[in-house]
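Residue numbers (this note's numbering): 463 to 588.
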């Protein structure tokens, strides 16, 4: 996928780049979210029988369960595999960490200490 590589917090124009992006299928995302939903729900059910924890633990788990499941389902739309790109500032090869999730993809150029971001290119009007 074509991306715009930019130095974070810089006015410098982004540089076009290429990252391998894997789309996570809906079934996998839904499976993870439902697994968390029922796992946390089960934890809340077990907490009912534990003295001391059931007073606020059950309420917190019941409130957190749908939120954690929703954000898990929304966040994991794609993953970026481990790969190397050139730093826009110093041109050194920079390793993009494996299984990076969410836009923008953020990573560090260790030779020059620059924080880099990768965004999908903005659509041009017209």
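Glycine residues also receive a C-beta, built at the ideal position from the N, C-alpha and C atoms.
Keep in mind that this is a model prediction, so the values were computed, not measured.
The Cβ-Cβ distance between residue 576 and residue 568 does not fall below 8 Å. Here residue 520 is near residue 510, since their CB atoms are less than 8 Å apart. 535 is the residue among 535, 556, 555 whose C-alpha sits nearest the C-alpha of residue 490.
Put simply, of 543, 571, 565, 549 the residue whose alpha carbon is nearest the alpha carbon of residue 559 is 543. The residue among 498, 517, 518 with its C-alpha nearest the C-alpha of residue 527 is 498. If you draw a straight line from the Cα of residue 502 to the Cα of residue 529, it comes to about 11 Å. Judged by their CB atoms, residue 477 and residue 467 are nearer to each other than the 8 Å cut-off.
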